[in-house]
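**Q** Residue numbers (this note's numbering): 335 to 825.
Below is the structure:
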């Protein structure tokens with residue numbers, strides 16, 4: 335199997351022609367030991383498509399590497415790392431030194447040991463990656479993003495690129511959020527009510543730090559976004575997990591002494607349940623009754639390709655108690671790390687001051703690049719392309735799961751990009767996930783989404799955002815085979 339083209343990237347800091355940069359990228363991979371002797375390179379067509387360059391450029395680069403004995407060409411079979419390619423240098427490991435510091439006493443607050451990450455960094459090398467939240471390079475508009483990034487690097491954007499805005503944000507990006515993104519969710523806002531963040535997770539952290547303390551209480555959905563539970567643990571607040579049902583968070587189960595409620599009404603994480611309009615109103619009434627605020631994480635509302643999305647909680651809010659969290663990391667690409675908070679001015683003022691004390695503001699170049707991408711219509715075109723692809727993959731995946739006899743626990747009536755699954759009684763999906771990695775399959779076990787240590791062991795999540803339709807059937811068959819191997823025998 336060829337090395338995935340998605341694992342090869344041009345270093346933006348390298349100089350020279352595209353051909354020379356491609357040669358350097360591959361030669362460096364061989365010299366570092368990342369590309370090993372005998373491994374097959376991506377085809378010239380596939381690599382050219384991935385890098386956004388012409389096929390002849392890749393062909394010429396490969397030819398130079400063959401001439402330098404880095405690669406060999408085997409007729410119509412393709413290009414391979416040469417068996418006589420330069421060997422990475424071998425260095426003796428430096429002698430190990432022991433710290434004289436007792437770190438168990440020196441560390442004042444521990445942040446490690448939280449929710450384990452089931453999204454390996456090398457996920458692209460797996461043939462069947464059913465994991466959530468990763469970008470599909472075949473869908474992303476590389477060419478126009480590159481043009482927007484270059485435009486943001488232009489001389490007239492020098493101040494945006496280089497200036498220390500202290501606690502400010504790119505006015506062009508903020509204006510687009512206020513005039514284009516939020517109105518789609520029925521929200522009217524002005525710039526003083528918007529704060530750009532480093533993704534939705536950073537937005538949730540800021541909200542928790544500003545609004546919670548050891549003396550305050552928060553309610554979260556159970557199961558929920560695992561990182562949110564870790565964020566709230568840092569505040570040392572009193573935390574109540576509220577079991578979610580088929581419509582999401584049940585308002586009547588929220589304790590009376592709750593100060594802050596976290597909810598994902600559009601697509602409950604990870605069950606994909608969508609909160610009905612009646613329940614959204616009931617949640618607002620419950621929050622008003624007990625004097626609580628609500629943080630609404632409105633992720634994946636753009637992926638409502640089966641039905642028009644319901645109004646956001648914030649659009650139904652009449653007394654300013656809802657804080658809205660949005661993100662471009664899911665709809666563009668996760669490495670972008672751009673999101674935003676929208677709320678009443680007193681809250682945004684404190685959130686802005688907290689952000690300034692930690693990181694000042696997200697990088698100006700990223701903000702301006704995103705602003706161009708959004709304002710020039712590329713974002714809407716990308717979302718439409720993703721929705722069509724996800725809809726197709728969803729249909730293929732549901733047919734494959736039905737044929738394989740897998741049990742769907744939550745499918746999302748409005749769309750989304752994943753399924754919430756349930757394995758047979760007695761299955762431990764953490765162990766199942768480990769076995770499947772050896773079969774080139776990635777899934778997400780359910781346990782990390784739940785608050786209780788022994789909960790969710792039968793559940794797992796399968797996403798279709800990162801896997802092409804052509805591989806879904808075989809991937810599902812491998813999952814069904816692995817599930818059947820450990821399923822109990824009923825007599």
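All C-beta atoms in this analysis are idealised placements derived from N, C-alpha and C, irrespective of residue type, glycine included.
Taking the alpha carbon of residue 415 as the reference point, which residue from 366, 463 and 448 has its own alpha carbon closest?
**A** Residue 415 has its Cα closest to that of 366, out of 366, 463 and 448.
**Q** Tell me, please, which residues DSSP counts as bridged to residue 574.
**A** Residue 574 pairs with 553.
**Q** Would you call residue 421 buried or exposed, if buried means 16 or more other Cβ atoms sit within 10 Å of its Cβ?
**A** With fewer than 16 other Cβ atoms within 10 Å, it is exposed.
**Q** So is residue 445 buried or exposed if we call it buried at 16+ other beta carbons inside 10 Å?
**A** With fewer than 16 Cβ atoms within 10 Å of its Cβ, residue 445 is classed as exposed.
**Q** Leaving aside the five residues before and after residue 694 along the sequence, list all residues of the same chain whose C-beta is less than 8 Å from its C-beta, in chain order.
**A** Taken in chain order, the residues that qualify are 498, 499, 500 and 501.
**Q** Using DSSP with H/G/I as helix, E/B as strand and the rest coil, what is residue 560?
**A** Of the three classes helix, strand and coil, the one that applies to residue 560 here is helix, per DSSP.
**Q** Does the structure place the stretch 699-715 close enough to the stretch 483-490 that three or more beta carbon pairs sit under 8 Å?
**A** As far as the Cβ criterion goes, the stretch 483-490 touches the stretch 699-715, which means the pair count is three or higher.
**Q** On the three-state DSSP scale, how would you describe residue 479?
**A** Helix, per DSSP.
**Q** Look up residue 797 in the DSSP assignment and say whether it is helix, strand or coil.
**A** Residue state, collapsed to three classes: strand.
**Q** For my contact list, residue 559 and residue 776 are in at a C-beta cut-off of 8 Å; report their separation, rounded to the angstrom.
**A** Going by Cβ atoms, the distance from residue 559 to residue 776 rounds to 19 Å, so no, they are not a contact pair.
**Q** When the Cα atoms are used, what is the spatial distance from residue 569 to residue 548?
**A** Each residue's Cα considered, the two are about 7 Å apart.
**Q** Closest to residue 661 by C-alpha separation, out of 633, 406 and 380, would be which residue?
**A** The option with the nearest alpha carbon to residue 661 is 633.
**Q** In the DSSP output, what is residue 407 paired with across the bridge?
**A** Looking at the DSSP assignment, residue 407 forms a beta bridge with 413.
**Q** Using a 10 Å radius around the Cβ and a threshold of 16 neighbouring Cβ atoms, would you call residue 735 buried or exposed?
**A** Answer is buried; the Cβ neighbour count reaches 16.
**Q** Using only the alpha-carbon positions, how far apart do residue 675 and residue 529 sit?
**A** Between residue 675 and residue 529, the C-alpha separation is close to 5 Å.
**Q** Check whether the stretch 362-377 touches the stretch 428-445, taking contact to mean three or more Cβ pairs, one atom from each stretch, closer than 8 Å.
**A** Cβ pair count under 8 Å is below three, so no.
**Q** List the whole-angstrom C-beta distance separating residue 682 from residue 527, where the pair is believed to meet the contact cut-off of C-beta under 8 Å.
**A** That belief holds up - the Cβ atoms of residue 682 and residue 527 are roughly 6 Å apart, short of 8 Å.
**Q** By Cβ distance below 6 Å, which residues in the same chain neighbour residue 678 in space, the five residues on each side in sequence not counted?
**A** Excluding sequence neighbours, residue 678 sits near 654.
**Q** Give the range of the alpha helix (DSSP H) segment to which residue 619 is assigned.
**A** Looking at the DSSP string, the run of the alpha helix (DSSP H) that includes residue 619 is 611-624.
**Q** Taking just the CA atoms, how far does residue 641 sit from residue 722?
**A** Roughly 13 Å between the two C-alpha positions.
**Q** Can you give me the C-alpha to C-alpha distance between residue 454 and residue 652, rounded to a whole angstrom?
**A** Roughly 43 Å separates the two Cα atoms.
**Q** To the nearest angstrom, how far is it from the Cα of residue 680 to the Cα of residue 386?
**A** So the alpha carbons of these two residues sit roughly 45 Å apart.
**Q** With residue 358 as the anchor, note down where its alpha helix (DSSP H) starts and where it stops.
**A** Residue 358 -> alpha helix (DSSP H) spans 352-365.
**Q** For residue 506, which beta-bridge partners are listed by DSSP?
**A** Answer by DSSP bridge pairing: none, since residue 506 is not bridged.
**Q** Considering only C-alpha positions, which residue in the set 400, 774 and 745 is nearest to residue 364?
**A** When each option's Cα is compared against that of residue 364, the closest is 400.
**Q** Could you spell out where the alpha helix (DSSP H) holding residue 752 opens and where it closes?
**A** Careful: residue 752 lies outside any alpha helix (DSSP H), inside the beta strand (DSSP E) at 752-756.
**Q** Can you list, in chain order, the residues of its chain with a C-beta nearer than 6 Å to that of residue 537? Leave out the 5 residues immediately preceding and following it.
**A** 531, 659, 673 and 675.
**Q** In the DSSP assignment, find the alpha helix (DSSP H) that holds residue 650 and state where it starts and stops.
**A** Looking at the DSSP string, the run of the alpha helix (DSSP H) that includes residue 650 is 647-650.
**Q** Just the Cα atoms here: how many angstroms apart are residue 791 and residue 591?
**A** Cα-Cα distance, rounded: 31 Å.
**Q** Apart from the five residues on each side of it in sequence, which residues of its chain come closer than 6 Å, Cβ to Cβ, to residue 413?
**A** For residue 413, where only same-chain residues beyond five positions count, the Cβ hits under 6 Å are 375, 396, 405 and 407.
**Q** Please list, in chain order, all residues of the same chain as residue 521 whose beta carbon is under 6 Å from its beta carbon, the five residues on each side excluded.
**A** Closer than 6 Å at the Cβ level, and outside the excluded window around residue 521, lie 648 and 649.
**Q** Which two residues bound the contiguous alpha helix (DSSP H) that contains residue 327?
**A** It is not possible to answer for residue 327, since the shown part of the chain is limited to 335 through 825.
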